[in-house]
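A.B. asks: Could you have a look at this structure, given as structure tokens, before my questions?
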Amino acid sequence: MTEHTGGCLCGRVRYRMTGPARFTSLCHCRSCQRATGAPVTAFVGLDAARFEEVEGRRAIYESSPGVRRGFCAACGASLTYEGDAWPGEVHILTATLDDPEPFPPAMHSMMADNIAWFRMSDDLPRLDGFGTGKRE
Ligand SMILES: [Zn+2]
Ligand SMILES: [Zn+2]
331 MTEHTGGCLC GRVRYRMTGP ARFTSLCHCR SCQRATGAPV TAFVGLDAAR
381 FEEVEGRRAI YESSPGVRRG FCAACGASLT YEGDAWPGEV HILTATLDDP
431 EPFPPAMHSM MADNIAWFRM SDDLPRLDGF GTGKRE
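Counting with this note's numbering, you get residues 331 to 466 for the letters of the sequence shown.
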């Protein structure tokens with residue numbers, strides 16, 4: 331099984347994951363925008379058992395009830411998302427992988443929160459919500 335590694339900006343937190351992904355997406359929600367400082371956030375959704383910290387530990391911030399965002403307490407880099415609406419899953423912020431190329435997003439989610447000046451030219455599906463009735 332293919333192993334992929336990643337980590338935060340300063341290198342204190344390192345992780346590894348194995349595929350396959352449950353899903354890949356780009357999230358446009360306000361909560362991700364605030365958490366990352368970016369207009370859109372790419373995710374790789376995984377079974378939690380496929381994710382492991384190998385150096386350091388993430389700090390956890392509960393950004394809304396039942397939602398836990400993992401980040402590096404030293405450099406502030408956002409790393410993971412876990413939510414009670416997705417039991418048994420870890421969603422990795424794709425851009426923190428050492429090689430994000432193997433995980434292109436398959437959809438845009440939460441387009442209802444998209445910032446109007448942020449325009450995309452791809453032809454991926456664009457969902458107002460998550461397509462699953464869940465919130466991120
Ligand atoms: Zn760091
Ligand atoms: Zn989001």
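Every residue, glycine too, gets a C-beta built ideally from N, C-alpha and C.
Between the segment 427–444 and the segment 393–405, are three or more C-beta pairs nearer than 8 Å?
C.D. replies: Flag = no, the segment 427–444 and the segment 393–405 do not touch.
A.B. asks: Have a look at the DSSP bridge pairing and note the partners of residue 377.
C.D. replies: Answer is 419, bridged to residue 377.
A.B. asks: Quick one: what's got a C-beta closer than 8 Å to residue 378's C-beta in the same chain, skipping five residues either side?
C.D. replies: Only 412, 418, 419, 420 meet the Cβ criterion.
A.B. asks: Just checking, does the segment 368–387 make contact with the segment 338–351 on the three C-beta pairs under 8 Å criterion?
C.D. replies: Because the criterion of three Cβ pairs below 8 Å is met, the segment 368–387 and the segment 338–351 touch.
A.B. asks: Are there 16 or more other CB atoms within 10 angstroms of the CB of residue 450, so buried, or fewer, so exposed?
C.D. replies: Its Cβ having fewer than 16 others within 10 Å, residue 450 is exposed.
A.B. asks: Can you pull every residue whose C-beta falls closer than 7 Å to some heavy atom of ligand 1, listed in chain order?
C.D. replies: After applying the 7 Å Cβ criterion, the set is 338, 339, 340, 341, 342, 343, 402, 404, 405, 407.
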